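>
There are 2 protein chains.
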Amino acid sequence: MRLTASCPVLLALGLAASAEAAPPVPYPESFRDWHHVKSVVIQPGHPLYAGVGGINHVYANAPAMKGYAGNVFPEGSVLIFDTIEAREADNAISEGRRKMLGVMVKDSGRYADTGGWGFENFDAGKPDRPLVGDKADAMCFGCHSRPGTRDHVFSRPRD
Amino acid sequence: MRLTASCPVLLALGLAASAEAAPPVPYPESFRDWHHVKSVVIQPGHPLYAGVGGINHVYANAPAMKGYAGNVFPEGSVLIFDTIEAREADNAISEGRRKMLGVMVKDSGRYADTGGWGFENFDAGKPDRPLVGDKADAMCFGCHSRPGTRDHVFSRPRD
Chain A
1307 MRLTASCPVL LALGLAASAE AAPPVPYPES FRDWHHVKSV VIQPGHPLYA
1357 GVGGINHVYA NAPAMKGYAG NVFPEGSVLI FDTIEAREAD NAISEGRRKM
1407 LGVMVKDSGR YADTGGWGFE NFDAGKPDRP LVGDKADAMC FGCHSRPGTR
1457 DHVFSRPRD
Chain B
1307 MRLTASCPVL LALGLAASAE AAPPVPYPES FRDWHHVKSV VIQPGHPLYA
1357 GVGGINHVYA NAPAMKGYAG NVFPEGSVLI FDTIEAREAD NAISEGRRKM
1407 LGVMVKDSGR YADTGGWGFE NFDAGKPDRP LVGDKADAMC FGCHSRPGTR
1457 DHVFSRPRD
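Read top to bottom, the protein sequences are chains A and B.
Position in the first sequence counted from 1, then plus 1306, gives you the numbering used here.
Position in the second sequence counted from 1, then plus 1306, gives you the numbering used here.
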């Protein structure tokens, strides 16, 4: 009886877990030593300026670098979109404070509902200021599912 | 007699070597996997635009990262100034081709005449297109000896 009684409970717990927030995305402590993939400056007037206006750098850990070479990123891939304030003066754009740290983590088990990727944006790069939480589907996955991505990744590496 | 005769010859050879071109700066094959230190965009109208107009990235190898923490960079430090073409469109500045790869190598024995640093700029990042050669004193060391540098280095790291 205990087993038969427990099955619906476990199922219910499973369903409850699925309906709850996605597992949190770990803060990528060592990302500044990862491979710098490329950069782009987003200026006033750009449709993404409110979110990522500034000097943006993409970083990739070692598994993610292997992912760029194929069509699917391996488990454990982490990609960073590091948004730094752009300070324009004297015909130069230099870097100010960190505005936001975007993170994508490939873990197909934990993030099955969003293409196997966990998404998070840490406000000002602070580990205790996640802005996405359980809203990855609406805030991130919609755009990252558009045509033109490869395994939900927009960036391509350069030499 | 051979010894005494050879001494002036060796001295002359030494002087000749000193007056000749500085030893070539090795091409930094793996620099794209080094630490990305910071970036700056140099725009039209900037006094350095002719040389390094574009999106510039500074990279440092492991000894150079230790150098940033002190006042003197250790032997073997290599710093990169990677100049990438800036393509402005639709309120964004994206990266084009590599325009120039600037290299500083700390080797006090080889580059004693220029503060212990060897300097080179590789046109378009091509190993067979060095632009500085024996003109490091005039092309590089003058500016890199100005007040405000630390051990002839302008850049400072950021988080």
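Glycine is no exception: its CB is placed at the ideal position from the N, C-alpha and C atoms.
The structure displayed is predicted, hence computed values, not measured ones.
Could you tell me how far apart the beta carbons of F1428 (chain A) and L1407 (chain A) are, in whole angstroms, since I believe they sit closer than 8 Å?
Yes, they are in contact, since the Cβ atoms of F1428 (chain A) and L1407 (chain A) sit about 4 Å apart, within 8 Å.
> Could you tell me whether any Cβ in chain A is nearer than 8 Å to the Cβ of N1256 (chain B)?
Because chain B is modelled from 1307 through 1465, residue 1256 (chain B) falls outside the range shown and cannot be assessed.
> Exposed or buried, what is A1328 (chain B) when buried is set at 16 or more other beta-carbons lying within 10 Å of its beta-carbon?
Buried: at least 16 other Cβ atoms inside 10 Å.
> Here's the rule I'm using: 16 or more other beta-carbon atoms within 10 Å means buried, otherwise exposed. How should L1437 (chain B) be labelled?
L1437 (chain B) should be labelled exposed.
> Pull up the DSSP beta-bridge partners for M1406 (chain A), would you.
Per DSSP, A:T1389, A:D1429.
> Here's the rule: buried if 16 or more other CB atoms are within 10 angstroms of the residue's CB, otherwise exposed. What is G1421 (chain A)?
So G1421 (chain A) counts as buried.
> Of the choices B:E1394, B:M1371, B:Y1365, whose alpha-carbon is the least far from that of I1386 (chain B)?
I1386 (chain B) has its Cα closest to that of B:Y1365, out of B:E1394, B:M1371, B:Y1365.
> Can you pull the chain A residues whose beta carbon is under 7 Å from the beta carbon of R1456 (chain B), in chain order?
None at all; the shortest Cβ gap to chain A is about 18 Å.
> Counting pairs of beta carbons, one from the stretch 1378-1393 of chain A and one from the stretch 1431-1445 of chain B, are three or more of them closer than 8 Å?
With a cut-off of 8 Å, the stretch 1431-1445 of chain B and the stretch 1378-1393 of chain A do not count as touching, because too few Cβ pairs lie within range.
> Could you tell me the distance, in whole angstroms, from the CA atom of S1345 (chain A) to the CA atom of G1359 (chain A)?
Going by the C-alpha atoms only, they are around 12 Å apart.
> Bridge partners for T1455 (chain A) per DSSP, in chain order?
Answer by DSSP bridge pairing, in chain order: A:P1453.
> Can you look up P1369 (chain A) in the DSSP assignment and give me helix, strand or coil?
DSSP places P1369 (chain A) in helix when its eight states are reduced to three.
> Give a yes or no on whether the C-beta atoms belonging to P1334 (chain B) and V1384 (chain B) are separated by under 8 Å.
Against a cut-off of 8 Å, the Cβ pair of V1384 (chain B) and P1334 (chain B) comes out as a contact.
> According to DSSP, is A1328 (chain A) part of a helix, a strand, or is it coil?
Three-state DSSP puts A1328 (chain A) in coil, outside helix and strand.
> Could you compute how far the alpha carbon of S1400 (chain B) sits from the alpha carbon of V1347 (chain A)?
Distance between the alpha carbons of S1400 (chain B) and V1347 (chain A) is about 7 Å.
> For V1347 (chain A), go through chain B and note every residue whose CB falls closer than 7 Å to its CB, in chain order.
Chain B residues near V1347 (chain A): V1347, A1398, I1399.
> V1378 (chain B) by DSSP, collapsed to three states: which one?
Here V1378 (chain B) sits in coil by DSSP.
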